[in-house]
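Sequence lines, in order, name chains A and B.
Going by my numbering, the first sequence opens with residue 1, and the numbers climb by one from there.
Going by my numbering, the second sequence opens with residue 1, and the numbers climb by one from there.
We put the beta carbon where it would ideally sit given N, CA and C, even for glycine.
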Amino acid sequence: MISNHPKLNFRTCLTSLCGGLLLIAPQIGWAVGTPAGTTISNNATLTYVMVAGLPPTATSNTVSFLVDKKVNLIVAEVSGSATSVSSGQTGAVTTFSVTNLGNDLQGFNLTAALASGNPATGGTAPFTTNNFSATGLSVFADANNNGIYEPLIDTATSISSLASGVSRKVFIVGNIPATALNGQQSVVSLMATVVAPTTMAALVETAGANTAGVDIIFADSAGVATGDITHDAKHSAYAAYLAGGVNLTLNKSIASVLDPKGTAILMPGAVMTYQIVATLSGLGTATNLVITDPLPVNTTYVSGSIVVNSIAKTDAADADNAQFIAATQTISVSPGNVAAPASIVITFRATIN
Amino acid sequence: MRISRLLLTANLLILLGGFSLPVHAADGNIKVKSIAEVETIVTGKDGKREIKRSSPEKAVPGTEVIFTDTFENVGNKTASDIVINNPIPANTGYKAGSAFGKDCTILFSADGGKTFSAAENLKVKGEDGKEHTALPGQYTHIRWTYQGQLASGKSGEVGFRAVIK
Numbered sequence: 001m002i003s004n005h006p007k008l009n010f011r012t013c014l015t016s017l018c019g020g021l022l023l024i025a026p027q028i029g030w031a032v033g034t035p036a037g038t039t040i041s042n043n044a045t046l047t048y049v050m051v052a053g054l055p056p057t058a059t060s061n062t063v064s065f066l067v068d069k070k071v072n073l074i075v076a077e078v079s080g081s082a083t084s085v086s087s088g089q090t091g092a093v094t095t096f097s098v099t100n101l102g103n104d105l106q107g108f109n110l111t112a113a114l115a116s117g118n119p120a121t122g123g124t125a126p127f128t129t130n131n132f133s134a135t136g137l138s139v140f141a142d143a144n145n146n147g148i149y150e151p152l153i154d155t156a157t158s159i160s161s162l163a164s165g166v167s168r169k170v171f172i173v174g175n176i177p178a179t180a181l182n183g184q185q186s187v188v189s190l191m192a193t194v195v196a197p198t199t200m201a202a203l204v205e206t207a208g209a210n211t212a213g214v215d216i217i218f219a220d221s222a223g224v225a226t227g228d229i230t231h232d233a234k235h236s237a238y239a240a241y242l243a244g245g246v247n248l249t250l251n252k253s254i255a256s257v258l259d260p261k262g263t264a265i266l267m268p269g270a271v272m273t274y275q276i277v278a279t280l281s282g283l284g285t286a287t288n289l290v291i292t293d294p295l296p297v298n299t300t301y302v303s304g305s306i307v308v309n310s311i312a313k314t315d316a317a318d319a320d321n322a323q324f325i326a327a328t329q330t331i332s333v334s335p336g337n338v339a340a341p342a343s344i345v346i347t348f349r350a351t352i353n
Numbered sequence: 001m002r003i004s005r006l007l008l009t010a011n012l013l014i015l016l017g018g019f020s021l022p023v024h025a026a027d028g029n030i031k032v033k034s035i036a037e038v039e040t041i042v043t044g045k046d047g048k049r050e051i052k053r054s055s056p057e058k059a060v061p062g063t064e065v066i067f068t069d070t071f072e073n074v075g076n077k078t079a080s081d082i083v084i085n086n087p088i089p090a091n092t093g094y095k096a097g098s099a100f101g102k103d104c105t106i107l108f109s110a111d112g113g114k115t116f117s118a119a120e121n122l123k124v125k126g127e128d129g130k131e132h133t134a135l136p137g138q139y140t141h142i143r144w145t146y147q148g149q150l151a152s153g154k155s156g157e158v159g160f161r162a163v164i165k
């Protein structure tokens, strides 16, 4: 029945070939759906027999319409867990991804904000508890998309253009107040708004009936931030700073100098007293803490001079958790587990050669 | 052969032009018209929801489009052996089970129209080199073979649904 007429089949093949070309050509560069402005066309071919002879062919009109611009995006926190910070920390970084789910190149404006109250609705664990407020929030796009905040490289505060289907990492950078207590969280949100690429002009959804041109259709879902509803060209997500980490700072100085003449001049034979202050801030416990300091060159260690928190220590590797390692000319102090906040003051003496 | 060349030229014109071009049938006894529609749910004044068809409005990726080909015998003789061939439009994927056509045998192609068979028998070569049953999205052509004759003045309708990729 189907192959009643060999000639008919031949023609069918020809038609099909042309149809095949139509099918393949616009497929290059697919990302999230057919690009906006693409023409979709349909036509049919019909063969029949009415009188003896060659079967005639009827071809339909070609019905066409344009694919509209679908505006869609998703913002997500990358790690799925709160970012551990210590109280008083500056430049604490949380990482998000912004994905262009539309079918056209788009720009993205970025806004960082503090969550108001406990974002129990819209927030998913662990981003539901909000006890303190991070300060000085700023937002930066990850220029090389390596997921690491590099202050000298990642300076742009918006994404000027992102192709369909492509993601870009975005950082919120903020400061943690010294008053933040162990286990407390500060929830922050990132909101991205789709805008025209490069010009960053606002997008307006085409209202009312279909137009002959490419319409703009907002297709995004609602985000977590206040006022981020569906179909508003915006999307948002939460991240959280979790206080509780321990921050260690080391400060080394020359506490005093005693030269052979009894004055304080730095000269050969003068004895210097070095002081190292280790400060543990934040909350929690630093485990297995070891502080080492190589002796400065052209100096000689004064035997038995190590003092930790006003307690004199021996040079041997013994139970007093302090030693002078002659082989490497290094002072080593091992206080072990230290609960923050705490400070450890280490002094030792060395003679200038 | 002459007709074949004509047809090829016509198709190439469509290919280049994209939009509607009048293509003359060989003898003009059967006219074919293709339309594209989308369905929208409209809530009437009485609160009843009904499905309305209109020309594609929000044609964004994911939209389901109904393509309908109507054919009418405008000649004065009865036509037989009617075969309708419709390539699946570029950038769309055929929706499984959506092809319709009264008194028609419906076959599909997944190789650009070289071979046709019933959906369940349609095979494509996968990346592993083995043959698999073709997925609806891999269909390239639909062919309706009209069972019976179309008398003068009578018309028929075939069609399918496809989703914009």
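Taking a Cβ-Cβ cut-off of 7 Å, the neighbours of residue 32/B in chain A comprise 44, 46, 58, 59 and 60, given in sequence order.
Only those residues of the stretch 115–132 of chain B whose C-beta falls short of 9 Å from the nearest C-beta of chain A are listed: 116.
Per DSSP, the continuous beta strand (DSSP E) segment holding residue 323/A begins and ends at 322–325. At a C-beta separation below 9 Å, residue 62/B has these neighbours in chain A: 33, 70 and 219. Shown here, residue 120/B sits in a helix according to DSSP, grouped into three states.
When 7 Å is used as the limit between beta carbons, residue 93/B is near no residue of chain A, the shortest such separation being about 10 Å. In the assembly as shown, residue 56/A is a buried residue. Its beta-carbon has 16 or more other beta-carbons within 10 Å. What residue 66/A touches in chain B, judged by beta-carbon distance under 8 Å, is 59, going in chain order.
Per DSSP, the unbroken beta strand (DSSP E) holding residue 81/B starts and ends at 80–87. As far as DSSP is concerned, residue 227/A takes part in no beta bridge. For residue 147/B, the CB contacts under 8 Å within the same chain, skipping 5 residues up- and downstream, are 103, 104 and 105 in chain order.
Chain order gives no chain A residues near residue 108/B, where near means a beta carbon separation below 9 Å; the closest approach is about 12 Å. CA-to-CA, the gap between residue 262/A and residue 89/A works out to about 43 Å. Close partners of residue 288/A in chain B (Cβ separation under 9 Å) are lacking, with about 52 Å as the shortest Cβ gap.
Look at residue 138/B here: in three-state DSSP terms it is helix. Exposure of residue 49/B is indicated by the presence of fewer than 16 other C-beta atoms within 10 angstroms of its C-beta. Setting aside the 5 residues that flank it on each side, residue 275/A is surrounded in the same chain by 253, 255 and 347, each with a C-beta closer than 6 Å to its C-beta; the list follows chain order.
Non-local beta-carbon contacts of residue 165/B in its own chain, meaning distances under 7 Å to residues more than five positions away in sequence, involve 61, 91, 92 and 93 in chain order. Using a CB distance below 8 Å, the part of the stretch 88–117 of chain A facing chain B consists of 103, ordered along the chain. Interface flag for residue 41/A against chain B is set, since a Cβ pair is found closer than 9 Å. The shortest C-alpha to C-alpha distance from residue 291/A to any of 306/A, 297/A, 301/A and 298/A is the one to 306/A.
For residue 38/A, the closest Cβ of chain B is nearer than 9 Å. Each of 142/A, 233/A and 50/A was checked against the Cα of residue 102/A, and the nearest Cα belongs to 233/A. In terms of Cβ geometry, residue 161/A and residue 105/A form a close pair [threshold 9 Å]. Residue 82/A: not part of any beta strand (DSSP E); DSSP gives it neither H nor E. Chain order gives no chain A residues near residue 103/B, where near means a beta carbon separation below 9 Å; the closest approach is about 13 Å. Nearest in C-alpha terms to residue 86/B, of all of 58/A, 310/A and 190/A, is 58/A. By the criterion of a C-beta distance shorter than 8 Å, residue 51/B is surrounded in its chain by 39, 40, 41 and 42, once the five residues flanking it on both sides are discounted. The stretch 124–142 of chain A and the stretch 170–177 of chain A touch, with no fewer than 3 CB-CB distances between them shorter than 8 Å. Using a 10 angstroms sphere on the CB of residue 135/B, the tally of other CB atoms stays under 16, which defines it as exposed. Per DSSP, the continuous beta strand (DSSP E) segment holding residue 32/B begins and ends at 30–43. Residue state for residue 275/A is assigned as strand, using DSSP reduced to three classes.
At least one CB atom of chain B sits nearer than 9 Å to the CB of residue 55/A.
With a beta-carbon spacing of about 40 Å, residue 113/A and residue 212/A fall beyond the 8 Å limit used to define contacts.
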